[in-house]
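Protein chains in written order, with this note's numbering: chain F, 1 to 110; chain X, 1 to 110; chain L, 1 to 143; chain D, 1 to 143. A virtual CB, placed ideally from N, CA and C, is assigned to each residue, including glycine. The structure under discussion appears below in the form of structure tokens.
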Amino acid sequence: MLSSKTVDRALIISVEGELDLHTAPPFKEYIDEKLANNSDIKDLVLQMEKIKFIDSSGLGVILGRYKLIKERGGRLIFVTCSPQVYRILKLSGMQKIAYFTDSVKEALSL
Amino acid sequence: MLSSKTVDRALIISVEGELDLHTAPPFKEYIDEKLANNSDIKDLVLQMEKIKFIDSSGLGVILGRYKLIKERGGRLIFVTCSPQVYRILKLSGMQKIAYFTDSVKEALSL
Amino acid sequence: MENKNWMKLEFPSESVNVLFARTAVAVFASQLEITLEELEDIKVAVSEAVSNSVIHGYRDSHGTILLSAEISDNAFVVTVEDYGCGIPDIEQAKETGYTTIPQERMGLGLIFIYELMDKVSITSEVNQGTKVVMTKEFVLQAT
Amino acid sequence: MENKNWMKLEFPSESVNVLFARTAVAVFASQLEITLEELEDIKVAVSEAVSNSVIHGYRDSHGTILLSAEISDNAFVVTVEDYGCGIPDIEQAKETGYTTIPQERMGLGLIFIYELMDKVSITSEVNQGTKVVMTKEFVLQAT
Ligand SMILES: Nc1ncnc2c1ncn2[C@@H]1O[C@H](COP(=O)(O)OP(=O)(O)O)[C@@H](O)[C@H]1O
Ligand SMILES: Nc1ncnc2c1ncn2[C@@H]1O[C@H](COP(=O)(O)OP(=O)(O)O)[C@@H](O)[C@H]1O
Numbered sequence: 001m002l003s004s005k006t007v008d009r010a011l012i013i014s015v016e017g018e019l020d021l022h023t024a025p026p027f028k029e030y031i032d033e034k035l036a037n038n039s040d041i042k043d044l045v046l047q048m049e050k051i052k053f054i055d056s057s058g059l060g061v062i063l064g065r066y067k068l069i070k071e072r073g074g075r076l077i078f079v080t081c082s083p084q085v086y087r088i089l090k091l092s093g094m095q096k097i098a099y100f101t102d103s104v105k106e107a108l109s110l
Numbered sequence: 001m002l003s004s005k006t007v008d009r010a011l012i013i014s015v016e017g018e019l020d021l022h023t024a025p026p027f028k029e030y031i032d033e034k035l036a037n038n039s040d041i042k043d044l045v046l047q048m049e050k051i052k053f054i055d056s057s058g059l060g061v062i063l064g065r066y067k068l069i070k071e072r073g074g075r076l077i078f079v080t081c082s083p084q085v086y087r088i089l090k091l092s093g094m095q096k097i098a099y100f101t102d103s104v105k106e107a108l109s110l
Numbered sequence: 001m002e003n004k005n006w007m008k009l010e011f012p013s014e015s016v017n018v019l020f021a022r023t024a025v026a027v028f029a030s031q032l033e034i035t036l037e038e039l040e041d042i043k044v045a046v047s048e049a050v051s052n053s054v055i056h057g058y059r060d061s062h063g064t065i066l067l068s069a070e071i072s073d074n075a076f077v078v079t080v081e082d083y084g085c086g087i088p089d090i091e092q093a094k095e096t097g098y099t100t101i102p103q104e105r106m107g108l109g110l111i112f113i114y115e116l117m118d119k120v121s122i123t124s125e126v127n128q129g130t131k132v133v134m135t136k137e138f139v140l141q142a143t
Numbered sequence: 001m002e003n004k005n006w007m008k009l010e011f012p013s014e015s016v017n018v019l020f021a022r023t024a025v026a027v028f029a030s031q032l033e034i035t036l037e038e039l040e041d042i043k044v045a046v047s048e049a050v051s052n053s054v055i056h057g058y059r060d061s062h063g064t065i066l067l068s069a070e071i072s073d074n075a076f077v078v079t080v081e082d083y084g085c086g087i088p089d090i091e092q093a094k095e096t097g098y099t100t101i102p103q104e105r106m107g108l109g110l111i112f113i114y115e116l117m118d119k120v121s122i123t124s125e126v127n128q129g130t131k132v133v134m135t136k137e138f139v140l141q142a143t
């Protein structure tokens, strides 16, 4: 359900399934471990294509990770959100703090 | 959810969705009307590819139509059943009375 | 899963709810690592039992159907219950092809339930209702 | 559908059941001709209310959550109820960002519910529990 790679100073995470109260904690731990193990990482790139559902528990984890990478001078970049997921992200004001792109390539060239 | 065409003396029906207590009655009426309006029809060809679910209520309708076309000297032919649907059809002994094929072309050349 | 999980569902005897019932059970069962085939067995069995409550139990009436599911160590137990007309002779009802609505039905529902589930127990009382308890056994691997 | 349809669902306060709850409601709602967007609104609102019962209502305990859905002429009404700790000050709870677990939560759940549903009513009593009634309005076109 979770996979990742690091390119330059960006951590690229692929998430699958539904992000809610039950699945948010392992998602959080996964990212936090990557960030802890590599202090070079600045940007967080989230590939959202296979995310079928997100609610405020999932959003909470993403907002929490945003705070961590902001301290490192990094950015939060979403790749290919579905219209449904984008609507929910917008409800939390995510479009004011994060970048939205259509490909990882585009995300890395920001 | 239902569409059909007649080729030679075969009525070819495409079904979509789930065949159960709720959806079996309109399915039955649809076929019975076609059979009533065209006494030339002998064979009944059921395209099962888009059937996601079937239970004994759905099977009951198919077995009932089998009786009608048998009286006309016709045959019951299934096209592309999923493994799940085939398992349920077999439970009712359908493989003893009907033909199973992988394409409409094959069904028509039987 | 910290505790053994369960759910209880109640709905009126409308045929549209047969799909709802089997899908709800399938979603609940999908927390278990069971095969697609086992999941399909459970769906068909639930569909048959709920259909029976709708068409036989509440044949000349309307009523409530109770559906519950429970995960135990090595089994998934589903119960379907109605407060309808009941079955006078359960052994007869279980016979292949036996049906009290021969112009419409094929008498295969209970056969399918016994075929697809590992353990089945039916209790029924005339004018009180019918309860079908169906168990699928497997090695539990909770996710 | 001959009669107005409804369903009642009961399950323990396990986080794995949040997915079950919202999916069950979505399957039930899919008998209506509603848009994908309306269906998603309902799913998120149910997810938030059930999550709140799990993490806040039964914060230091375990308990049962009651979920019901009802189709009326022009609305879909979902109720989520717990018998947990209750909310001392509902107006405060509804404020953006207000949460009693600031180290983990963002205080967005109730905001989302009010944003996504057309009518919301919350009743709560300390040590008795909380009941959230959420309504989505539309022109009913039952299939
Ligand atoms: N819940 C029920 N309430 C009352 N009668 C039932 C119930 N379930 C089954 N029966 C009786 O058992 C018979 C056999 O059931 P079944 O094998 O499912 O076949 P079918 O549904 O095709 O009639 C039914 O025709 C009915 O008389
Ligand atoms: N079912 C409930 N039982 C008890 N308290 C609740 C319940 N739902 C909400 N609350 C209270 O309302 C606050 C705000 O809820 P919400 O907006 O969903 O944010 P969050 O879940 O992020 O805390 C919660 O922190 C909690 O104190």
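Query	Result
Enclosing alpha helix (DSSP H) for L:D41 [first to last residue]	36 to 52
Own chain, CB closer than 8 Å to F:Q95, minus 5 neighbours either side, in chain order	L89
Short CB-CB distance (under 9 Å) between X:I12 and chain L	no
Per-residue burial, F:P26 [other beta carbons within 10 Å of its own, 16 or more giving buried]	exposed
L:E137 versus L:I55, L:G86, L:E70, residue with shortest Cα-Cα distance	L:E70
Close beta carbons around X:E18, own chain, < 6 Å, minus the five adjacent residues each side	K52, F53
At least 3 beta-carbon pairs within less than 8 Å: the stretch 91 to 108 of chain X vs the stretch 25 to 43 of chain L	no
Ligand 1 heavy atom lying under 8 Å from the CB of L:V132	yes
Distance cut-off 8 Å: D:G63 Cβ against heavy atoms of ligand 1	no
Close-in-space but distant-in-sequence residues of the same chain around L:S51 (CB under 8 Å, 5 per side omitted)	S15, V18, G109
Within 7 Å of chain F by C-beta, residues of the stretch 98 to 120 of chain D in sequence order	R105, M106, L108, G109, F112, E115
Proximity test, L:N127 beta-carbon vs ligand 1 heavy atom, cut-off 8 Å	no
From D:E125, D:V133, D:V126, D:N127, residue whose alpha carbon lies closest to that of D:K119	D:V133
Beta-carbon separation (whole angstroms), D:E10 vs L:M7, contact threshold 8 Å	7 Å
X:V45 and X:L11 closer than 9 Å at C-beta	yes
Distance between D:T135 and F:Q84 (C-alpha atoms, nearest Å)	20 Å
Contiguous alpha helix (DSSP H) assignments of at least 4 residues, all confined to the stretch 74 to 140 of chain L	90 to 93, 109 to 116
Continuous beta strand (DSSP E) stretch holding L:K4: start and end	That residue, L:K4, is in no beta strand (DSSP E); it is neither H nor E in DSSP.
Residue-level contact to chain F via CB, D:T143, 9 Å cutoff	Low confidence applies here, because D:T143 scores a pLDDT of 49, under 50, leaving its location unreliable; read the following figure in that light. Chain F, which has no Cβ nearer than 9 Å to the Cβ of D:T143, makes this no.
Proximity test, Cβ basis, 9 Å: F:D32 and chain D	no
Residue interval of the alpha helix (DSSP H) (run including X:G17)	First-last for X:G17: 10 to 19, but that is the beta strand (DSSP E), not the alpha helix (DSSP H).
Those runs of the alpha helix (DSSP H) which lie wholly inside the stretch 63 to 109 of chain F and span at least 4 residues	83 to 91, 104 to 108
CB contact below 9 Å: F:Q95 versus chain D	no
Own chain partners of L:A111 with C-beta closer than 8 Å, once the 5 adjacent residues on each side are dropped	The sequence given here has Ile at residue 111 of chain L, not Ala. If we look at L:I111 and ignore the five residues flanking it on each side, its Cβ neighbours are K94, T96.
Distance CB(D:D41)-CB(D:G63) smaller than 9 Å	no
Cut-off 8 Å between Cβ atoms - residues of its own chain near D:F147, not counting five sequence neighbours on either side	For residue 147 of chain D there is no data in the structure shown, the boundaries of chain D being 1 and 143.
7 Å CB neighbourhood of F:C81 in its chain, flanking five on each side removed	M48, L89, F100
Helix, strand or coil at F:I41 [DSSP, three-state]	coil
C-alpha gap between L:E91 and L:V25, whole angstroms	27 Å
8 Å Cβ cut-off: residues of chain F touching D:I55	L21
Same chain, Cβ closer than 8 Å to F:D102, neighbours up to 5 away in sequence not counted	V79, T80
Under the three-state DSSP convention, the category F:T6 falls into	strand
Listed by chain order, chain L residues near D:F20 by CB distance under 9 Å	N5, M7, A24, V27, F28, S30, Q31
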